[in-house]
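Asker: Residue numbers (the working numbering): 168 to 687.
Idealized CB from N, CA, C, for every residue including glycine.
Sending over a structure as C-alpha cells; questions will come in a sec.
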C-alpha cells in the first residue's frame, strides 16, 4: 500500500493508525483485497461459473471445484466479482505434495517431460531421471519461433496461418496460456470464418469429445494447457499425407515442460507433424527477457509490425530466461518444503498420538498418567521465588474440575510448602475426581467418551497450531532485515510453540473430561 492508500483506508475506517489500532487482522484483509484486485485475473487464475469463483489449475488448465484460496483471499475475489461471499474455509489439516509423496515406501513415475525437471526430482525425492527412447522415431518438424513486435500482429499472423491450414484441411491445435487468451483467438477465428472448437476450463466436460476429433481433416482446436494431455490425438484418414497435426503455440510458458507438453500432442507413435511458436515482444516472458530493447532495435530498423523475426540468439535467450524462471520457481518450492519439514515433524508426533488414541482400548491409564505432569506444571507456573501464588493455583484447579461435590479450598493448599508435595496433592485430587466420574458410567462407554473428547481436543488445538504457524511464517520474513536467517528463527519459534501445544492439548483434554461428566 502507498501512503495515500493507507491514509484513504484509515479515513474510510475512521481509524488514526490501522497498524496500531486495527491490528494484524485488518491489515491482513486489506492486503488480501489488494492481491485479489491486482494479482488475480478473471479467466486466467479463476473463472466465474453459476455465480461461483472456481480456481483454474495454472499447469493443467482444468477447474478445481471444491478448492478455495485460504486466509480470506477467496472471499476477497468473491467481493471483487460481486458474487455471494461464502464463509472462510478452516484448514483442518495440511501437507505439501512433497511430504505427502515422501510417505510412500516406493516412489517412481513416468512422464514424457521429466527431463527439464530432473534436478528437482533428485534434490527433493532422491530420484534419478532416466530417458527411455521413443517407440518410433520422431518425425515432427519443430520450427524456430516467430517473433512479432506486438500481440495484435502476433494474433493476426496466427489467424492467417490457421486459415491457410484450414483451407488445406490440415488439422491444427492452437495452444493458449489461459482461458482469456483462448477466447480472444476464438473471436479472431470467427471473424475469419474459421470453424473451430474451443477447449478450456469453461467447457472441460467436452474434453474427450473435442480431443477425439482434433486430428480429423479440417479440425481446428483452440486449447489451454489441458489439451488432452496423456492421450494420443489420432490422425484422421488422409491427414498423414497433409503433414499430420500442426501445433501452434501462442506464447512461451514460464516452464519449458509445458511447452514440450504442447509440442508432444503432435508426432505421436511415429506420426508426422509440425510445431511452431508465435511470440510477441509484449508477452510476459519476453518482457522478463528484455523485449523493450529488441522492440527499440526493430523500430530503429523500421521493421513492420506484421513482419516476424527469427533469431537463434533471441530463441536461445528465451530458453535461458525460462531456465532462470524454472530455477526461481524450484527455489520457491524448495523453500516451502524447508518450512513444511518443520511442521511435518509436529504433524508426525500429533498424528502418532491421534492413532494411539484411536487404537487404544484403555485410555483411563493414559489419562491418569497426565495428572502428575499437569499438577507439577500448574505448581511451577505459579511459583514466585520461594513461595506459591495459592489463589492462582486454586483458580486453575477449579477451572479444570468443575465438580459441585468436591472442591479444593485455599486452607488445604496454603499448608503445603514443597513443590513435590503440592504437585502430589493436586494430582491425587484429580485422581479422586476422575474415579468418581468413572463410577457414573460403564467401562466401555467411559473409554468411548474419553476417545471422543481426546480426538476433539487434538483436532481443535492442531487446527489452531496450523493457523499459528502460518502467521509465524509470514512474520519471520521480517527478521531478514535484522541480518537473521528467517528459517532459523522459524525453527526456534516453532519448537517453543510446539512444546506449548503438547501441554495445552493435555490441559484441554483433562479439562474437557471433567467438564463433560460434571455437566452430565
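Which term fits residue 491, buried or exposed, when burial requires 16 or more other beta carbons within 10 angstroms of its beta carbon?
Answerer: Label assigned to residue 491: exposed.
Asker: Can you tell me whether DSSP reads residue 208 as helix, strand or coil?
Answerer: If DSSP states are grouped into helix, strand and coil, residue 208 belongs with coil.
Asker: Please look up how many angstroms separate the CB atoms of residue 220 and residue 241, rounded, as I've assumed it's under 8 Å.
Answerer: Sure, about 6 Å apart at Cβ, within 8 Å.
Asker: Between residue 510 and residue 636, which are expected to be in contact by the criterion C-beta below 8 Å, what is the C-beta distance as a whole number of angstroms?
Answerer: Residue 510 to residue 636, Cβ: 5 Å. Contact.
Asker: When we look at the beta-carbon of residue 373 and count the other beta-carbons within 10 Å, is it buried (16 or more) or exposed?
Answerer: It is exposed - the Cβ of residue 373 has fewer than 16 other Cβ atoms within 10 Å.
Asker: For the alpha helix (DSSP H) containing residue 376, list its first residue and its last residue.
Answerer: Element bounds for residue 376: 374-380.
Asker: For the segment 328-336 and the segment 209-225, state whether three or more C-beta atom pairs, one from each stretch, are separated by less than 8 Å.
Answerer: Counting Cβ pairs under 8 Å, fewer than three are found: no touch.
Asker: Within the chosen definition, does the segment 278-295 reach the segment 418-434 through at least 3 CB pairs nearer than 8 Å?
Answerer: At 8 Å Cβ cutoff, the stretches touch.
Asker: In whole angstroms, what is the alpha-carbon distance linking residue 419 and residue 518?
Answerer: If you take the alpha carbons of residue 419 and residue 518, they lie about 43 Å apart.
Asker: For residue 301, which of 408, 437, 255, 235 has the nearest alpha-carbon?
Answerer: Measuring from the Cα of residue 301, the nearest candidate turns out to be 437.
Asker: Relative to the alpha-carbon of residue 688, which residue among 312, 679, 645 has its alpha-carbon at the smallest distance?
Answerer: Outside the displayed span of the chain (168 to 687) sits residue 688, for which this structure offers no information.
Asker: Alpha helix (DSSP H) containing residue 619: first to last residue?
Answerer: Run containing residue 619: 610-643, per the alpha helix (DSSP H) assignment.
Asker: Quick one: Cα of residue 586 to Cα of residue 551, how far?
Answerer: Between residue 586 and residue 551, the C-alpha separation is close to 12 Å.
Asker: Buried or exposed for residue 370, going by 16 or more other Cβ atoms inside 10 Å?
Answerer: Answer is exposed; the Cβ neighbour count stays below 16.
Asker: DSSP three-state call for residue 283: helix, strand or coil?
Answerer: Reduced to three states, the DSSP call for residue 283 is helix.
Asker: At the level of alpha carbons, what is the spacing between residue 256 and residue 238?
Answerer: Their Cα atoms are separated by approximately 8 Å.
Asker: Please report the distance separating the alpha-carbon of residue 202 from that of residue 193.
Answerer: Rounded to the nearest angstrom, the two C-alpha atoms are 14 Å apart.
Asker: With respect to the alpha helix (DSSP H) encompassing residue 519, which residues constitute its N-terminal and C-terminal limits?
Answerer: That run of the alpha helix (DSSP H) goes 479-526.
Asker: Could you round the C-beta distance between residue 340 and residue 390 to whole angstroms and report it? I think they count as a contact, below 8 Å.
Answerer: Contact flag correct, Cβ pair sits at about 6 Å.
Asker: In the DSSP assignment, what are the bridge partners of residue 308?
Answerer: Answer by DSSP bridge pairing, in chain order: 441.
Asker: Alpha carbon to alpha carbon, how far is residue 657 from residue 292?
Answerer: One C-alpha to the other measures close to 24 Å.
Asker: Could you tell me the alpha carbon to alpha carbon distance between residue 402 and residue 325, rounded to whole angstroms?
Answerer: Going by the C-alpha atoms only, they are around 22 Å apart.
Asker: Tell me, which residues are paired with residue 555 by DSSP?
Answerer: Partner(s): 550.
Asker: Which residue marks the beginning of the alpha helix (DSSP H) containing residue 322, and which one marks its end?
Answerer: Start and end: 318-334.
Asker: Name, in chain order, the residues that DSSP records as bridge partners for residue 388.
Answerer: For residue 388, which the question treats as bridged, DSSP gives the partners 340, 364.
Asker: Residues bridged to residue 223 by DSSP?
Answerer: For residue 223, which the question treats as bridged, DSSP gives the partners 230.
Asker: From residue 306 to residue 439, what distance separates their C-alpha atoms?
Answerer: If you take the alpha carbons of residue 306 and residue 439, they lie about 5 Å apart.
Asker: Under 8 Å Cβ to Cβ from residue 673, same chain only, skipping five residues before and after it: list those, please.
Answerer: Within the same chain, residue 673 has close Cβ partners 537, 540, 541.
Asker: If we call anything under 7 Å between Cβ atoms a contact, is residue 432 one with residue 415?
Answerer: Result no, Cβ atoms of residue 432 and residue 415 do not sit closer than 7 Å.
Asker: Mind checking whether residue 706 and residue 668 have CB atoms under 7 Å apart?
Answerer: The structure shown does not extend to residue 706, since the chain is modelled only from 168 through 687, so no value can be given for it.
Asker: Determine the burial state of residue 174: buried for a count of at least 16 other Cβ atoms within 10 Å of its Cβ, exposed for fewer.
Answerer: Its Cβ having fewer than 16 others within 10 Å, residue 174 is exposed.
Asker: Is the beta carbon of residue 368 closer than 7 Å to that of residue 230?
Answerer: Yes. Within cutoff.
Asker: For the 8 Å Cβ check, are there 3 or more pairs between the segment 592-609 and the segment 554-570?
Answerer: Yes, the segment 592-609 is in contact with the segment 554-570.
Asker: With residue 416 as the anchor, note down where its beta strand (DSSP E) starts and where it stops.
Answerer: Element bounds for residue 416: 412-416.
Asker: DSSP beta-bridge partners for residue 446?
Answerer: Paired residue(s): 314.
Asker: Would you call the segment 472-490 and the segment 341-349 in contact, with 3 or more CB pairs under 8 Å?
Answerer: No contact exists between the segment 472-490 and the segment 341-349.
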